[in-house]
Every structure is written in C-alpha cells, then in structure tokens.
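Chemist: Let me give you the structure first, and then I'll get to my questions.
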Amino acid sequence: MNFDINAIFQIAGIGIITAMIHTVLKQMGKEDMAHWATVIGFVVVMFMVIRLLDELFQRIKTIFLFQ
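With my numbering, the residue at position 41 of the sequence shown is 532, and numbering never jumps.
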C-alpha cells in the first residue's frame, strides 16, 4: 500500500506550529487572535484530511470496480 507518510508529518507539523503560535499570542494578551490562529490551523488540517479521505474512497471504488 502506497500511503503517503509525509501527510502525517505535515499534519503534525501544522499542529505543533499552531500550538506555538497560540501560546505566544496568548502570552502577549491577544487571546482573540490566538483562538483565530487555532481555528485556521484546524481548518487547514481538515482540508488535508478531507483530501486524503477522498483519495482513500477513490481507491476503494477502484478495488471493488464501482466506476
């Protein structure tokens, strides 16, 4: 199975960077901006997951010949 392991590392990297940005903004007293940064990071990751799920379903359709 040719699963792209880089996608997992990208998602983890986005999560770590988002957490760092959230922490820095919260310490600066800009909690509203910190929450928005977290929401934006979450949306980016969700788009990546949706793309991967679409690819998975396409492979399943190909395997079972549902074209």
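Built from N, CA and C at the ideal position, the CB exists for glycine as well.
If you pair each beta-carbon of the segment 525-539 with each one of the segment 497-510, do three or more pairs fall below 8 Å?
Modeler: yes
Chemist: Suppose the cutoff is 8 Å on Cβ atoms and the five residues either side in sequence are ignored; what does the same chain contact list for Lys-517 look like?
Modeler: Ala-525, listed in sequence order.
Chemist: Going by beta carbon distance, what residues of the same chain come within less than 7 Å of Ile-502, once the five residues before and after it are set aside?
Modeler: Val-536, Met-539
Chemist: Could you check the C-alpha separation between Leu-556 and Gly-504 for me, to the nearest Å?
Modeler: 36 Å
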